[in-house]
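The structure appears below as structure tokens.
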Amino acid sequence: MKILIMGLPGSGKTTLASKLAPLLNAKYINNDEARRAVNDWDFSEKGRIRQAKRMADLAEKYRKEGHYKYLIVDYICPTPKTRELFNADYLVWVDTIEKGRFDDTNKIFIKPKKFDFRVTTQDAELWAYQIVDKLIP
């Protein structure tokens, strides 16, 4: 299962993902680390679409290897187009701040209309356990 943890920069995505991954024995993929690995810091619309495809491909690679039941990806995924390209099985929206630290991202960020789980406070441990309860009844 490909789990996307998305939201504005500084909302708590990475903290939540790092708490959730061990609870699910999941492979964790961090957006910044993926960008760093290919040295791609292009935040234009074209660059963001390329990053969405890259993150989807990376997650798919791990899914095909079959070592993990859960893949957790922490990624801003700011627009409906990037979310569509990523194609998460389960979308967690970290909705804890009104504005992130980057104006360009704030300008293009569109709140998701559809999500599986919404995080509303920065209490990663609490939310991680609640997400696990939803995923593993």
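The letter at position 59 of the sequence shown is residue 63 when you use the working numbering, and the numbering goes up by one with no holes.
Note that CB positions come from ideal geometry on N, CA and C, so glycine has one too.
Keep in mind the model is a prediction, meaning the values are calculated, not measured.
- Could you have a look at phenylalanine 90 and say whether DSSP puts it in helix, strand or coil? What you label residue 90 is simply residue 86 of the sequence shown in a count that begins at 1. Helix, per DSSP.
- Taking all protein chains shown into account, do 16 or more other C-beta atoms lie within 10 angstroms of the C-beta of lysine 117, making it buried, or fewer, making it exposed? In the sequence shown, the residue the question calls residue 117 occupies position 113. Burial call: exposed.
- Task: Measure the alpha-carbon distance for isoleucine 135 versus phenylalanine 121 and round it to whole angstroms.
- Result: Against the sequence shown, residue 135 aligns to sequence position 131. Against the sequence shown, residue 121 aligns to sequence position 117. Their Cα atoms are separated by approximately 7 Å.
- Task: Go through its chain and collect everything with a Cβ distance to lysine 56's Cβ below 7 Å, but skip five positions before and after it.
- Result: Position 52 of the sequence shown, counted from the first residue, corresponds to residue 56. One detail in the question is off: residue 56 reads as alanine in this sequence, not lysine. Excluding sequence neighbours, alanine 56 sits near Cys81, Thr86, Leu89, Phe90.
- Item | Touching by the beta-carbon criterion (3+ pairs, under 8 Å), the stretch 17-29 and the stretch 62-71 | no
- lysine 115 to lysine 68, Cα distance in whole Å? Residue 115 sits at position 111 when you count from the first residue of the sequence shown. Residue 68 sits at position 64 when you count from the first residue of the sequence shown. Cα to Cα, the separation comes out at about 30 Å.
- Message: Excluding the 5 residues flanking arginine 105 on each side, which residues of the same chain have their C-beta closer than 6 Å to its C-beta?
- Response: Against the sequence shown, residue 105 aligns to sequence position 101. Answer for arginine 105: Pro13, Gly14, listed in chain order.
- Endpoints, the alpha helix (DSSP H) within which methionine 59 is located: On the sequence shown, residue 59 is found 55 positions in, with the first residue counted as 1. Taken as a continuous stretch (DSSP letters only), the alpha helix (DSSP H) holding methionine 59 covers 49-69.
- Message: What does DSSP give as the partner residue(s) for arginine 122 in the beta ladder?
- Response: Counting from 1 along the sequence shown, the entry for residue 122 is found at position 118. Answer is Trp97.
- Query: Bridge partners of leucine 75, per DSSP?
  - Reply: Sequence index remark: in the sequence shown, residue 75 carries index 71 (1-based). DSSP output for leucine 75 lists Lys6, Lys31 as bridge partner(s).
- Item | When Lys111, Ile112, Asp46, Ile9 are compared against tyrosine 32, the one with the closest alpha-carbon | Start at 1 with the first residue of the sequence shown, and residue 32 comes out as number 28. For the residues Lys111, Ile112, Asp46, Ile9, the minimum Cα distance to tyrosine 32 belongs to Ile9.
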